[in-house]
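In my numbering, the protein residues as written are 19 to 325.
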Ligand code: BEZ
């Protein structure tokens, strides 16, 4: 039995008339009648009641019709899914934590769109932990976050370790003194951290940096996001330890200082589903390394072997 037999049978069963079915199928009536006869011979059953006007299905014919309709629907679904896998319809859904917007993310997205015009790319702001869940649910295809979270189903590539720097209100005594500061210089200040939720987040990386060195800031002020932290720094509410890409924001009312310890870093991590070998993801990763080379951005030793 061939797929065409199913199409012909379904058309006749639905039209209940050979002439109309033949018109619907754009064919002559005699070959259509022969195909239905052939189908009954192959199955060794009678599908239509003899000499009924309009045509009526037998009980066997009704059973066959219900399954034939399903099979044809599955066939067209298979057609569209295969087109998608075959890259006729391509899409890439990207999750990112807000702070990566101050780094290379905008350039990466623009370049990817320019070079891959047939890929429909969508962006979704979400925490690193939400990215892991969204990857597993199939809501995103790739996530850019900062938390080193182990999961057997997720592949992580550490792209680079971004230095932490300190943001001060313009004119703050510490911003006018030594060119490079130690974390211990900051303990008498109010430390503004972000994001307050969900946790763990970049806020915990900053808190761990102090705790690991046996230091405790005088006061902690938790806020929702980086832009609010910088606004409060500008207002003189405290200081904030931020990823160095924030330096590019160049606000008149905020000044930045480097820290003396090279281990004070926050990683940028690309996460994907462990088994996803999509060429679009490979292309995205290669594009990121190309941009790092072009812009002379120091990156972590490549740990993406086998991608
Ligand atoms: C980066 O700043 O290096 C970066 C940000 C987002 C995605 C990938 C890389």
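Beta carbons are placed, not taken as given, at the ideal position from N, Cα and C, and that holds for glycine.
CA-to-CA, the gap between residue 48 and residue 291 works out to about 54 Å. Between residue 160 and residue 19 the beta-carbon gap is near 44 Å, outside 8 Å, which marks them as no contact. It is roughly 52 Å from the alpha-carbon of residue 175 to the alpha-carbon of residue 28. Separation of residue 144 and residue 166 (C-alpha to C-alpha, rounded to the nearest whole angstrom) is 15 Å. Residue 162 has its CB nearer than 6 Å to a heavy atom of the ligand BEZ.
Between the alpha carbons of residue 39 and residue 51 lies a gap of roughly 10 Å.
By the neighbour-count criterion, in which a residue is buried when 16 or more other Cβ atoms sit within 10 angstroms of its Cβ, residue 213 is buried. In the DSSP assignment, residue 237 forms a beta bridge with 208. Short of 7 Å from the beta carbon of residue 169, and not among the five residues preceding or following it, lie these beta carbons of its own chain, in chain order: 150. Under the DSSP assignment, residue 182 falls in the beta strand (DSSP E) whose first and last residues are 172-187. Taking C-alpha positions only, residue 87 is separated from residue 32 by approximately 11 Å. Note that the C-beta distance between residue 178 and residue 115 is not below 7 Å.
The DSSP assignment places complete alpha helix (DSSP H) segments of no fewer than 4 residues inside the region 105-148 at 123-133, in order along the chain. By the 16-neighbour rule on beta-carbons within 10 angstroms, residue 224 is buried. Within the model, the alpha-carbon separation for residue 191 versus residue 204 is close to 11 Å. Between the ligand BEZ and the CB of residue 22, the shortest heavy atom gap is not smaller than 6 Å. For residue 317, there is no enclosing alpha helix (DSSP H), since its DSSP letter is neither H nor E.
As DSSP reads the structure, residue 288 sits in a beta bridge with 162, 175.
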